[in-house]
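Participant: First the structure, then my questions, so here it is.
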Amino acid sequence: MSDTILSVLMLTGVILTGGAVYVFRKGDRRRALLMLVAALVMFANVAIWLVPTK
Numbered sequence: 119m120s121d122t123i124l125s126v127l128m129l130t131g132v133i134l135t136g137g138a139v140y141v142f143r144k145g146d147r148r149r150a151l152l153m154l155v156a157a158l159v160m161f162a163n164v165a166i167w168l169v170p171t172k
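As structure tokens, this is what we get:
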């Protein structure tokens, strides 16, 4: 179950990054920045969950 959630988070982060580039090219820099921040938060969450523990 957690593998599925991590996969969905990664896919969503990639889609948000692509959407941010698209929106940035359209001229809405504020929305693009917010989308990039959301994608970075998702990537950070995945990284935290993948850190090995004892």
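The opening position of the sequence shown corresponds to residue 119 in the numbering used here, with each subsequent residue numbered one higher. A virtual CB, placed ideally from N, CA and C, is assigned to each residue, including glycine.
With three or more beta-carbon pairs closer than 8 Å as the criterion, would you say the segment 155-166 touches the segment 125-142?
Facilitator: Segments in contact, yes.
Participant: My understanding is that Ala-157 touches Thr-171, with C-beta atoms under 8 Å, so please give their C-beta distance in whole angstroms.
Facilitator: Not quite, the Cβ-Cβ distance comes to about 25 Å (not below 8 Å), so this is no contact.
Participant: Grouping DSSP H, G and I as helix and E and B as strand, with all else coil, what is Lys-144?
Facilitator: Three-state DSSP puts Lys-144 in a helix.
Participant: Buried or exposed: Met-153, going by 16 or more other Cβ atoms within 10 Å of its Cβ?
Facilitator: The residue is buried, with at least 16 neighbouring Cβ atoms inside 10 Å.
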